[in-house]
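**Q** Got a structure for you, written out below as structure tokens; questions coming shortly.
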Amino acid sequence: MIDKYYDVVVVGGGHAGAEAAAAAANMGASVLLVTMSLQNIGQMSCNPAMGGIAKGQIVREIDALGGYSGIVSDKSAIQFKMLNRSKGPAMWSPRTQNDRMLFAEHWRLMLEATENCDFFQDMVVGLVEEGGQIMGVKTSLGLTVYARSVVLTNGTFLNGLIHVGDKNFGGGRAGEKASIGLTEQLREFGFESGRMKTGTPPRVDGRSLDYSKMTPQPGDETPGVFSYMSYSRLEQQVPCHLTHTNEEVHDLLRSGFDRSPMFNGRIKSVGPRYCPSIEDKINRFAEKDSHQIFVEPEGWNTVEVYVNGFSTSLPDDVQFKALRSVKGFENVRFFRPGYAIEYDYFPPTQLKRTLETKLVKSLFFAGQINGTTGYEEAASQGLMAGINAVLSIRKQDPFILSRDEAYIGVLVDDLVTKGTEEPYRMFTSRAEYRTLLRQDNADLRLTEKGYELGVVTESRLKVLIEKKSQTHDLVEFFKNTSYSFKEANEMLAAAGSPEVRQDDKLFRLLSRPKVRLDDMRKLDVVKAKIDGGCFSDEALTQLEVQVKYSGYIAKEKNNAEKISRLEHVRIPEGFSYDKLKSLSYEAREKLLSIQPDSVAQASRISGVSPADISVLLVALGR
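Under this note's numbering, think of the first position of the sequence shown as 12, with each following residue one higher.
What follows is the structure, encoded as structure tokens:
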């Protein structure tokens, strides 16, 4: 039935699989996306939202590299918020609330409009491997599809087991069957696997809620966008709402703890500590008498509502009674209860930084199969795996992002170097160069790299070039143009900043903490420049950030350059650590296991000391 020999077969149509398929196809490779349900491509399995703290930066990086997640998020957005506006720009994180059905629809349509991308609905139950090289996949219908590379993005479907109280049943998502067969074969190849857990809250009928008892959570007054190519902004937005649990809710939940799979031993796997279930919250934080619940609409027209903050695997009757005691939920009607899901994953230390497996050539893992959680983390891994799958076929240098180039670089490096014993998600605190890795400059960091790879279009590159040109023009203008101190003092008084006694450059004025670009526009020389220049909002943002944080940016760049010297000291594949007798036993063991490709990566492995790195540098002739 399928007689075509594909360059890349992508298994799974979630966020990781969709981005992998798009990236590989846009590079000109022939791609087959095999998924168990073509109706659920790009499905938002949990909350109907994209972005957030650090995750928003990842979405912008995906977009800068020609990925689709940002565009799809903008097209399906019902609300936009820039989080952490009160903090510095390194912490600003965009987030959209999305129409769940529109999101999946736009993903499907964008993939269908992508040349070189074919689709097939079936379950992949096995891999074709010869002599340590992937050759294709086998499906439940008995088909063999041959391919030069395979990307596995199985999400929560590998031997997925859904728990609701003392009931459990196989499934990868509510209403969808689990995927079986692959885990067992991968173990036969020599891969180590484990089990992880995640959960989701109930979905309820919005018509049964009393929003007058809740606090509205509107979007930004001037909503932004994710994609650097999006020109349409939301003209109207749908509000979310905030309510809280109380002691009565907690008591009702506790009454079901003896039937909870989390507490009675049915669930033995590890879940994410930063996104705990409601029963976990009231157990771990017993001193708290309430917890926040965000009431999030699922779309423009649907009445379905996502109860964010009430993730649970307690029995459905307990969920119902407890939720009815939450303010505004007194008459709630359930669409479906919350549940927990256990699934197989493969510790990512078994991967190279390209996300190719060390054991089988041309086999790539991306998404939750690597022990991560979150749409954004999955999508970025899919993008990187799709790109590197094509590069490996073409025998070209791999595409690896360093920790000072992208949050994606931090994510991949953390996974393959340190591994994970609980579902991994990205935080700004994980990035040591977060002042460099802002959401506003993802295109400046990555778009040219994407263009060289073939995943970024010329039109997108032109947008970047124009932004760079405008930003350079504005920064140079502020560096070289002086202000009149008399005019400036009026503006400074209004801004609450000390007066100046002489004329100076605009750059120094904008560098002041309390002075914003909007204040500077009160000066005639600045107003004339900006009003007459047709500058984009992106360029104006760059001006303000680059001026205000110039010292911090320069310092971080300097630190990154020092570390990057070690990044360029490559370790040959199959390097004999056994011969280095001066290495500590732990370091030797860890280095043999991880097989780092650079001294910098080796230095980040837990158990490898600075003394061990010195020994390694000497051995490499440095």
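We treat Cβ as the ideally placed atom computed from N, Cα and C, and that holds for glycine.
For clarity, every value in this text was computed on a predicted model and none was experimentally measured.
#1: Could you work out which residue in Ile82, Pro409, Gly39, Leu402 is closest to His117 when comparing CA atoms only?
#2: What are the start and end residues of the beta strand (DSSP E) that includes Val162?
#3: Helix, strand or coil: which one does DSSP assign to Pro227?
#4: Helix, strand or coil for Ala390? Go by DSSP, reduced to three states.
#5: Which residues bound the alpha helix (DSSP H) around Gln54?
#6: Using CA coordinates, which residue listed in Gly192, Glu195, Gln196, Asn170 is at the minimum distance from Arg184?
#7: So which of Asp221, Asp424, Arg347 has the shortest CA-CA distance to Pro359?
#8: Under 8 Å by Cβ, that's how I've got Gly4 and His26 pegged, so tell me the actual separation to the nearest angstrom.
#9: What are the boundary residues of the beta strand (DSSP E) that Ala88 is part of?
#10: Just to confirm the assignment, what range does the beta strand (DSSP E) spanning Gly181 have?
#11: Output the residue ranges of the alpha helix (DSSP H) runs that lie fully inside the region 508-556 and measure 4 residues or longer, sorted by chain position.
#12: Measure the CB-CB distance between Ala31 and Val19 and report whether it falls below 9 Å.
#13: Excluding five sequence neighbours on each side, which residues of the same chain lie with their C-beta closer than 8 Å to the C-beta of Lys479?
#14: Using 9 Å as the threshold, is the C-beta distance between Ala333 and Gly210 below it?
#15: Output the boundary residues of the alpha helix (DSSP H) element that contains Phe489.
#16: Between the C-alpha atoms of Gly235 and Arg244, what's the straight-line distance to the nearest angstrom?
#17: Taking the DSSP output, what are the residues bridged to Ile352?
#18: Going by DSSP in three states, Glu498 sits in which element: helix, strand or coil?
#19: Closer than 7 Å by C-beta to Leu264: which residues in its own chain qualify, once you throw out the five before and the five after it? Chain order, please.
#20: Given 8 Å as the limit, is there contact between the region 315-323 and the region 203-217, that is, 3 or more CB pairs closer than that?
#21: Below 8 Å on the Cβ atoms is my contact criterion, and I expect Arg106 with Ala60 to pass it. Report the Cβ-Cβ distance as a whole number of Å.
#22: May I ask you to report which of helix, strand or coil DSSP gives Pro105?
#23: Can you round the beta-carbon distance between Glu353 and Arg206 to whole angstroms, since I take them to be within the 8 Å contact cut?
#24: From the DSSP output, read off the bridge partner residues of Ser609.
#25: Could you give the residue range of the alpha helix (DSSP H) that holds Arg71?
#26: Could you give the DSSP three-state label for Pro621: helix, strand or coil?
#27: Straight-line CA distance for Glu443 to Ala158?
#28: Assign Gly137 to one of three DSSP states: helix, strand, or coil.
#29: Helix, strand or coil for Ser97? Go by DSSP, reduced to three states.
#30: I'd like to confirm the pairing. Which residues does DSSP put opposite Arg184 in its beta bridges?
#31: If you follow the beta strand (DSSP E) that His302 is in, where does it begin and where does it stop?
#32: Taking the alpha carbon of Val260 as the point to measure from, which residue in Phe331, His252, Pro308, Gln248 has its own alpha carbon closest?
#33: At which residue ranges does the region 307-390 contain complete alpha helix (DSSP H) runs of 4 or more residues, listed in the order of the chain?
#34: Which class does Val423 belong to by DSSP, given the choice of helix, strand or coil?
#35: Under 7 Å Cβ to Cβ from Pro227, same chain only, skipping five residues before and after it: list those, please.
#36: With DSSP as the reference, identify every bridge partner of Lys149, one or two as the case may be.
**A** Checking against the coordinates, here is how it stands:
#1: Ile82
#2: 155-163
#3: strand
#4: helix
#5: That residue, Gln54, is in no alpha helix (DSSP H); it is neither H nor E in DSSP.
#6: Asn170
#7: Asp424
#8: Because the chain in this structure spans residues 12 to 633, residue 4 falls outside the shown range and cannot be described.
#9: 88-94
#10: 178-181
#11: 517-521, 528-531, 535-544
#12: yes
#13: Leu455
#14: no
#15: 469-491
#16: 7 Å
#17: Ile173, Thr209
#18: helix
#19: Ile289, Glu290, Ile293, Leu325, Val329, Ala333
#20: yes
#21: 6 Å
#22: strand
#23: 6 Å
#24: Arg581
#25: 66-75
#26: helix
#27: 39 Å
#28: strand
#29: coil
#30: Glu187
#31: Run containing His302: none; DSSP gives neither H nor E here.
#32: Phe331
#33: 327-334
#34: helix
#35: Pro250, His252
#36: Gly137, Thr155
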